[in-house]
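Contents: one structure, followed by commentary.
In my numbering, the protein residues as written are 2 to 337.
Here it is, written out as structure tokens:
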């Protein structure tokens, strides 16, 4: 029987994981799919190939051997030199030839498959001319070695450069499995490297493989409590925003540094005057009521050193808070 010889097509490239130093540096191999192939050359270790048919005969060859040379030609010669053969039971069935190449860790980086049929001629069945032609294509995920890598993800950016999606990547033994389809695309590769008790996040631009150095900014937050107006040693004159008598009430938080009398007045943005207020000194539990009398627009309260909370009281026609319905949590709890 004619021996099947597998000849890798010109699209074959050598396989290997891509090795980079642990220190932060550029990753030019991720800037394009071509770069992934080129940088893979020189570190391939093994190649495998097999032949088979739709109806197994029990005599179908498989080979797994070291590559003779870490070049595209060397890989092609290695696969072509495998002594493969097959016994065909049904010559009308399709046959297949398959090949792959691996790095030293056994990661598959290139593979190819070719289906063909025997040719029925005057002398019987024979192999077609192209039966052994296999185009080995880059595997979907290429292991990029980054020493001490523990976890990694890719942020996919939109046209404006903003993150729109995040994809977690597999990481094993310091290798980050990078998707070939995203090489050279508008993404950011983020890798967490950890060694000797110290961890660092490292970042790279997927378009050109350049390292991204995060910019440092000092952040000072200015916060306020919703519904609270803070005042110190001053009369309390507060305007509450309303629209057609609808608005959110405001509470005055008054800090006094000593004994004094201070005026209190609340009015809506539509000119409606409050009717009175409840006053509580911080640390106490008893609220004290105050009421406007005799057409007055304010009242005075005696205060000492401390903090006071003043909640105005309104005619519902002048100020009513909008409905804010409460829905019980589905699990009956209040933690969150």
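All C-beta atoms in this analysis are idealised placements derived from N, C-alpha and C, irrespective of residue type, glycine included.
| Using DSSP with H/G/I as helix, E/B as strand and the rest coil, what is residue 294? | coil
| message | Between 162, 211, 267, which has its C-alpha nearest residue 236's C-alpha? | response | 267
| What span of residues does the alpha helix (DSSP H) with residue 34 cover, start to end? | 34-41
| said: Just verifying my parser: in three-state terms, what is the DSSP assignment at residue 79? | reply: Helix, per DSSP.
| task | Put residue 166 into one of helix, strand or coil per three-state DSSP. | result | The three-state reading of DSSP puts residue 166 in strand, counting E and B together.
| field | Sheet register partners of residue 198 (DSSP bridge) | value | For residue 198, which the question treats as bridged, DSSP gives no partner whatsoever.
| So, residue 113 versus residue 138, is the Cβ gap smaller than 9 angstroms? | Less than 9 angstroms separates the beta-carbon of residue 113 from that of residue 138.
| message | Quick check: the region 182-194 against the region 156-163, are at least 3 beta-carbon pairs closer than 8 angstroms? | response | yes
| said: Below 8 angstroms, how does it come out for the region 272-291 and the region 306-315: are there three or more Cβ pairs, yes or no? | reply: yes
| query | Skipping 5 residues on each side, what residues in its chain have a beta carbon closer than 8 angstroms to that of residue 29? | reply | 36, 40, 209, 210
| query | So which of 216, 251, 49, 269 has the shortest CA-CA distance to residue 135? | reply | Ranked by Cα distance from residue 135, the first of 216, 251, 49, 269 is 49.
| task | Could you round the C-beta distance between residue 111 and residue 96 to whole angstroms and report it? I think they count as a contact, below 8 angstroms. | result | So it is not a contact: roughly 21 angstroms between Cβ atoms.
| task | Could you give the DSSP three-state label for residue 238: helix, strand or coil? | result | strand
| said: Here's the rule I'm using: 16 or more other beta-carbon atoms within 10 Å means buried, otherwise exposed. How should residue 129 be labelled? | reply: exposed
| said: Alpha carbons only, please: which of 325, 109, 305 is nearest the one belonging to residue 178? | reply: 109
| Buried or exposed (CB count within 10 angstroms, at least 16 for buried), residue 270 | exposed
| Could you give the distance in angstroms between the alpha-carbon of residue 124 and the alpha-carbon of residue 54? | Counting only the Cα atoms, residue 54 lies some 21 angstroms from residue 124.
| message | Which residue wins for smallest C-alpha separation from residue 72, given the options 90, 92, 47? | response | Ranking 90, 92, 47 by Cα distance to residue 72 puts 47 first.
| query | In terms of DSSP beta bridges, what is residue 31 paired with? | reply | DSSP, once it has assigned bridges, lists no residue as partnering residue 31.
| Beta-carbon gap between residue 163 and residue 27 smaller than 9 angstroms | Contact: no.
| request: Indicate the three-state DSSP secondary structure (helix, strand or coil) for residue 227 in the structure shown. | output: The answer is coil: DSSP assigns residue 227 none of H, G, I, E or B.
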